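Going by this note's numbering, the first residue of the sequence shown is number 102, and it counts up by one from there.
Ideal Cβ placement from N, Cα and C applies to all residues, glycine included.
Just so you know, these numbers come straight off a predicted model, no measurement behind them.
Accompanying notes for the structure given below.
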Amino acid sequence: MLTREWRLLNNGSFGACPKPVFEVYQRWQAEFEQHPGEFVGRWRALMDESRAKLAAYLHTEGGRLAFVTNATMGVNAVTHSLRSWLKPGDEVLTTNHEYGACNHAWQFNCQKAGAAYVQLPHRSAHSLERGLHRKVLGRRHPAHAGHLPQPHHLAHGAHVSAASAVPSRARGGHIERDRRRACARPARSLSRRA
């Protein structure tokens, strides 16, 4: 829907909606406007149905999913929920190119828990991987890494954390680590491993 003369590169604060998504959104909006009370009465069932379909796609259970308005809201939910898990002296690893709102959420919750939010230099995926290896030193570290850090040309992703055996929560994907190996799983596979 963007004019062809412009290319939107801002993936952080807002983005243009793809036309097919916009059309479905408009259809739902029109349905709501026709009878708001009736629509709100069906809202929970509609959300449960959507959650079930998404859970099937992600190979998990609907009760393990929560819808959020945007990635920043999701990161805030995760950081607040992990605050009780973090202990004084713990470290949460990230890069020095993460989105500001995500940094603020982690810094706030790490400070409340007495943990440190450690931003590693990120010049390339290889240098980041080396930095993670040096930092981990056999300890478990939660990590935060957006797939498209700021600046945008330094893309990294789940493979860096997996190669470094760092358990992490990545926006758009999920990394798991057990005692034997690190396993990067596709973003569509979120089921808990036994």
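Beta-carbon spacing of residue i, residue j below 7 Å
{"i": "L187", "j": "A214", "result": "yes"}
{"i": "G163", "j": "V169", "result": "no"}
{"i": "Y218", "j": "Q208", "result": "yes"}
{"i": "T161", "j": "A202", "result": "no"}
Residue i versus residue j - alpha carbon distance
{"i": "F140", "j": "R152", "result": "17 Å"}
{"i": "H205", "j": "H181", "result": "12 Å"}
{"i": "G273", "j": "R165", "result": "The predicted model places G273 with a pLDDT of 40, which falls under 50 and marks its position as unreliable; any figure quoted below should be read in that light. Spanning the two alpha carbons is a distance of roughly 16 Å."}
{"i": "P222", "j": "N171", "result": "26 Å"}
{"i": "R184", "j": "R145", "result": "29 Å"}
{"i": "P119", "j": "T104", "result": "12 Å"}
{"i": "G138", "j": "Y158", "result": "31 Å"}
{"i": "E106", "j": "A117", "result": "14 Å"}
Three-state class that DSSP yields for residue i in the structure shown
{"i": "S262", "result": "Reliability of the predicted coordinates at S262 is poor, the pLDDT of 45 falling under 50, and the value obtained from them is presented with this limitation in mind. S262 falls in the helix class under three-state DSSP."}
{"i": "Y218", "result": "strand"}
{"i": "P268", "result": "Reliability of the predicted coordinates at P268 is poor, the pLDDT of 42 falling under 50, and the value obtained from them is presented with this limitation in mind. It is coil, neither helix nor strand."}
{"i": "E162", "result": "coil"}
{"i": "E132", "result": "helix"}
{"i": "V193", "result": "strand"}
{"i": "F209", "result": "helix"}
{"i": "K120", "result": "helix"}
{"i": "A202", "result": "helix"}
{"i": "V169", "result": "coil"}
{"i": "T104", "result": "coil"}
Residue range of the alpha helix (DSSP H) that includes residue i
{"i": "T173", "result": "A172 to L183"}
{"i": "L155", "result": "P137 to L159"}
Cutoff 7 Å: residue i Cβ touching any chain B Cβ
{"i": "H181", "result": "Here chain B cannot be found, since the structure has a single protein chain."}
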